[in-house]
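Chemist: Before anything else, here's the structure in question.
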Amino acid sequence: MRLAILLLLLASLLRAQEVFLVQPYLQLGDAPKAAAVDRLDLLWQTEDRDAAWRVEVKAGGRWKPLPPAFRRLDAPPLPPHRIYRATLKDLPPGARVPYRVKRDGAVVFEAQAQVRKPDAHRMVVFGDAADGSREQAALAQAVAGAHPDAVLLVGDLVYGMGLASEYRQRFFPIYNGGSRPLMAQVPFLGLPGNHDVPFRRAPDAAAYFAYWSLPLNGPALEPGGPNAAPVVAGVHDAMVAAAGPAFPRMASYSFDYGRVHWTVLDSNVYTDWTSPVLRAWLEADLKAAKAATWRIVALHHPLFQSSRSHMDDQWMRPISPVLEKYGVDLVLAGHVHNYQRTAPLRFTPTKVGPRGRPVEGTFTVDEAFDGKTITRAKGVVHIVTGAGGAELYDRWQTDVRASWQPWTRAFVSDRHSFTVLDVDGRELRLRQLDAEGRELDALTLTK
Ligand SMILES: [Fe+2]
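One gets my numbering by counting positions in the sequence shown from 1 and adding 504 to each.
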């Protein structure tokens with residue numbers, strides 16, 4: 505009996521592999537706000553061949569059909585392939601909704617989609633992920649074992665240049681592989697790090713814009729305009745075409761999950777968050793989120809961190825007063841390949857020089873907050889969670905507290921790890937776990 509089940513599982517796995525180049529995975533899609541009935545996007549990739557595709561969602565005991573559409577990506581070295589997309593609509597908030605994908609009338613994939621929850625939920629966050637290492641794979645398994653409701657990757661999604669060909673090798677097989685792929689069950693969200701942008705000589709670079717489907721409510725950027733990811737005509741045309749409206753706009757966005765408002769920022773060097781247009785968007789977004797219990801900002805380049813590596817990548821610090829003004833609780837970043845946490849702090853910049861030079865200013869640190877007995881923070885807690893798979897930075901600093909900035913409260917760089925956020929009403933619990941499930945840090949915030 506067991507053997508029969510095993511053979512059946514193996515057969516369905518093999519079938520999925522020959523039908524898909526990348527099997528179906530869930531995305532939030534262009535749905536920033538939760539609604540009385542919610543939606544999710546389902547994407548998958550196939551060879552460039554015609555077939556009758558259909559997605560069906562189970563509602564009220566019946567299968568409801570949804571038509572998919574596709575875009576082609578013809579950017580070497582991968583052969584031309586199709587990126588299919590269907591929007592799963594009318595989903596009841598919080599439910600696990602069965603769905604299936606049919607090709608030429610036959611069911612070729614089945615799973616259940618976790619719809620955005622109205623309140624208590626678990627979000628997993630990490631960055632600097634898919635470099636093909638053993639540590640990346642081990643951590644991915646631990647992430648699945650933590651049973652998140654959604655996952656957010658804080659940039660440097662795929663090494664070394666965010667190429668479509670690298671996604672095929674290092675990203676999808678790890679996060680969307682096997683018989684129970686996590687990406688088929690819960691939505692993944694992402695943002696571009698410095699390894700996810702258009703590299704000048706790689707036509708399949710910046711695959712982020714073609715392969716992810718996220719809200720398009722960010723600043724209205726123009727291709728080739730200021731603050732947009734810089735593409736090269738004649739090199740990146742195929743990628744831009746495959747991205748459609750996602751390029752260049754999908755670089756920054758915001759969304760609500762439960763009682764949390766997330767503001768997701770592209771912090772790459774070509775963006776200037778002190779420019780009037782970006783700053784106005786950020787202020788308007790945070791202002792409109794007043795009703796949310798929690799406000800969290802996610803971006804790639806941290807504002808405050810203690811690692812010797814990337815110490816001078818401080819160009820996002822000038823947004824600190826805006827975050828404080830609108831009551832942002834947490835900032836989650838990557839870029840630096842380790843885990844770090846600051847005390848709640850406020851920062852007023854006094855000297856902003858060119859990129860890559862320190863941004864000086866004055867700090868006000870909440871020394872009383874400990875995240876255990878005193879859980880109301882006066883200021884913003886900054887987290888670096890960049891230990892998601894790529895090689896760790898400055899391991900020696902883990903045990904050398906004298907090397908930390910005075911406001912750093914936790915620093916773990918001797919192992920890979922990910923962040924688990926459990927948000928329930930007016931309580932937010934943060935835990936940093938390693939691949940074996942060991943708790944490296946924990947804190948509670950309350951309102
Ligand atoms: Fe980075």
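For each residue, glycine too, the CB sits at the ideal point set by N, CA and C.
Considering only heavy atoms of ligand 1, does any lie closer than 7 Å to the CB of D632?
Modeler: Working through the sequence shown from its first residue, we reach residue 632 at position 128. Indeed, a heavy atom of ligand 1 lies less than 7 Å from the Cβ.
Chemist: Just tell me which of T912, A747, R899, K882 has its CA closest to the CA of D918.
Modeler: Here residue 918 refers to the residue found at position 414 of the sequence shown. Selected option, being the one with the closest Cα: R899.
Chemist: Could you check whether the region 728 to 748 touches the region 696 to 706, counting it as contact only if at least three pairs of C-beta atoms, one from each stretch, sit closer than 8 Å?
Modeler: Three or more beta-carbon pairs separated by less than 8 Å link the region 728 to 748 to the region 696 to 706, which places the two stretches in contact.
Chemist: Which parts of the region 627 to 714 are runs of the alpha helix (DSSP H), unbroken and 4 residues or longer, counting only runs that do not cross its ends?
Modeler: List check, alpha helix (DSSP H) in window: 638 to 649, 676 to 679.
Chemist: Quick check on the contact list: which residues have their beta carbon closer than 5 Å to a heavy atom of ligand 1?
Modeler: D660, G697, N698, H839
Chemist: Run through DSSP, which three-state label would S824 get?
Modeler: Within the sequence shown, residue 824 is the residue found at index 320, counting from 1. Correct three-state label for S824: helix.
Chemist: Across which residues does DSSP place W798 in a beta bridge pair?
Modeler: Counted from its first residue, the sequence shown places residue 798 at position 294. Per DSSP, V764.
Chemist: Between G729 and A573, what straight-line distance do the alpha-carbon atoms span, to the nearest angstrom?
Modeler: Mapped onto the sequence shown, residue 729 falls at position 225. Mapped onto the sequence shown, residue 573 falls at position 69. Our two residues, G729 and A573, have alpha carbons roughly 29 Å apart in a direct line.
Chemist: For A911, does the three-state DSSP call read helix, strand or coil?
Modeler: Along the sequence shown, one-based indexing puts residue 911 at 407. Residue 911 is actually Trp in this sequence, not Ala. Residue state, collapsed to three classes: coil.
Chemist: Count the other C-beta atoms from every protein chain shown that fall within 10 angstroms of the C-beta of G762, then say buried if there are 16 or more, exposed otherwise.
Modeler: As a first step, residue 762 is located in the sequence shown; it is residue number 258 there, counting from the start. The residue in question, G762, is buried, as its Cβ has 16 or more Cβ neighbours within 10 Å.
Chemist: What does a CB cutoff of less than 7 Å around S756 pick up in its chain, not counting 5 residues either side in sequence?
Modeler: Position 252 of the sequence shown holds residue 756. Same-chain partners within the cutoff: G722, P723, V768, L769, D770.
Chemist: Runs of 4 residues minimum, wholly inside the region 804 to 852: which ones carry the alpha helix (DSSP H) assignment?
Modeler: 824 to 829
Chemist: Do F713 and A750 have their beta-carbon atoms positioned less than 8 Å apart in this structure?
Modeler: Locating residue 750 in the sequence shown gives position 246, counting from the first residue. Locating residue 713 in the sequence shown gives position 209, counting from the first residue. It is a contact, given that the beta carbons lie within the stated cut-off.
Chemist: Can you give me the start and stop residues for the alpha helix (DSSP H) that P780 sits inside?
Modeler: For the purposes of this step, residue 780 is taken as the residue at position 276 of the sequence shown. 780 to 791 is the extent of the alpha helix (DSSP H) around P780.
Chemist: Starting from V744 and walking both ways along the alpha helix (DSSP H), at which residues does that stretch end?
Modeler: Mapped onto the sequence shown, residue 744 falls at position 240. Per DSSP, V744 belongs to the alpha helix (DSSP H) from 741 to 747.
Chemist: Which residue from W548, K537, R586, A535 puts its Cα closest to that of V526?
Modeler: On the sequence shown, residue 526 is found 22 positions in, with the first residue counted as 1. The candidate whose alpha carbon is nearest that of V526 is W548.
Chemist: Short check: CB of K562 to CB of P602, under 8 Å?
Modeler: Against the sequence shown, residue 562 aligns to sequence position 58. Against the sequence shown, residue 602 aligns to sequence position 98. Result yes, Cβ atoms of K562 and P602 sit closer than 8 Å.
Chemist: What is the DSSP secondary structure of V526, counted as helix, strand or coil?
Modeler: Residue 526 sits at position 22 when you count from the first residue of the sequence shown. The answer is strand: DSSP assigns V526 an E or B state.
Chemist: As a quick exercise: from F630, T778, V826, pick the residue whose alpha carbon is nearest that of A939.
Modeler: Counting from 1 along the sequence shown, the entry for residue 939 is found at position 435. The residue with the shortest Cα to Cα distance from A939 is F630.
Chemist: Roughly how many angstroms separate the alpha carbons of R672 and G636, rounded to a whole number?
Modeler: Locating residue 672 in the sequence shown gives position 168, where the first residue counts as 1. Locating residue 636 in the sequence shown gives position 132, where the first residue counts as 1. In a straight line, the C-alpha of R672 is about 11 Å away from that of G636.
Chemist: Using beta-carbon positions only, say whether R1003 and R576 come within less than 8 Å of one another.
Modeler: Nothing about residue 1003 can be reported from this structure: the residues present for the chain run from 505 to 951 only.
Chemist: From L947 to P581, what does the alpha carbon distance come to, in whole angstroms?
Modeler: The sequence position of residue 947 within the sequence shown is 443, counting from 1. The sequence position of residue 581 within the sequence shown is 77, counting from 1. Distance between the alpha carbons of L947 and P581: 45 Å.
Chemist: CA-CA distance, G682 and I878?
Modeler: On the sequence shown, position 178 is the one that residue 682 refers to. On the sequence shown, position 374 is the one that residue 878 refers to. Roughly 43 Å between the two C-alpha positions.
Chemist: Smallest Cα separation from A556: which of G565, L546, W567, P571?
Modeler: Locating residue 556 in the sequence shown gives position 52, counting from the first residue. In this structure, P571 is the residue among G565, L546, W567, P571 with its C-alpha nearest to the C-alpha of A556.
Chemist: For T877, which three-state DSSP category applies?
Modeler: One-based indexing of the sequence shown puts residue 877 at position 373. Correct three-state label for T877: coil.
Chemist: For S779, is the classification buried or exposed, using 16 other Cβ atoms within 10 angstroms of its Cβ as the cut-off for buried?
Modeler: Position 275 of the sequence shown, counting from 1, holds the residue named residue 779. S779 comes out exposed.
Chemist: Taking Cβ to Cβ, would you say L937 is nearer than 8 Å to S921?
Modeler: Position 433 of the sequence shown, counting from 1, holds the residue named residue 937. Position 417 of the sequence shown, counting from 1, holds the residue named residue 921. Closer than 8 Å, so yes.
Chemist: Excluding the 5 residues flanking K971 on each side, which residues of the same chain have their C-beta closer than 7 Å to its C-beta?
Modeler: Given that the chain is displayed from residue 505 to residue 951, the structure contains no residue 971 and the question cannot be resolved.
Chemist: Please go through the same chain and pick out, in chain order, the residues whose beta-carbon is closer than 8 Å to the beta-carbon of S810, but skip the five residues on each side of it.
Modeler: For this step, residue 810 is matched to residue 306 along the sequence shown. So the list reads Q844, Q901, S907, W908, Q909, T912, F915, once near-sequence residues are dropped.
Chemist: Skipping 5 residues on each side, what residues in its chain have a beta carbon closer than 8 Å to that of E895?
Modeler: Counting from 1 along the sequence shown, the entry for residue 895 is found at position 391. Same-chain partners within the cutoff: D635, S637, H841.
Chemist: Can you tell me whether M554 is helix, strand or coil according to DSSP?
Modeler: Start at 1 with the first residue of the sequence shown, and residue 554 comes out as number 50. The displayed chain sequence assigns Asp, not Met, to residue 554. D554 falls in the coil class under three-state DSSP.
Chemist: Return the CA-CA distance between M815 and P719, expressed in angstroms with no decimal places.
Modeler: By 1-based counting over the sequence shown, the position of residue 815 is 311. By 1-based counting over the sequence shown, the position of residue 719 is 215. Going from the Cα of M815 to the Cα of P719 covers about 31 Å.
Chemist: Measuring CB to CB, does G838 end up less than 8 Å from G697?
Modeler: The residue given as residue 838 occupies position 334 in the sequence shown. The residue given as residue 697 occupies position 193 in the sequence shown. Cβ atoms of G838 and G697: closer than 8 Å.
Chemist: Can P652 and V628 be called in contact, C-beta distance under 8 Å?
Modeler: In the sequence shown, the residue the question calls residue 652 occupies position 148. In the sequence shown, the residue the question calls residue 628 occupies position 124. Contact flag set, yes.
Chemist: For D833, which residues of its own chain have a beta-carbon under 8 Å away from its beta-carbon, when the five flanking residues on both sides are left out?
Modeler: As a working mapping, residue 833 is identified with position 329 in the sequence shown. W798, R799, I800, A881, V884, V885, L932, L949.
Chemist: Counting pairs of beta carbons, one from the region 522 to 540 and one from the region 682 to 696, are three or more of them closer than 8 Å?
Modeler: yes
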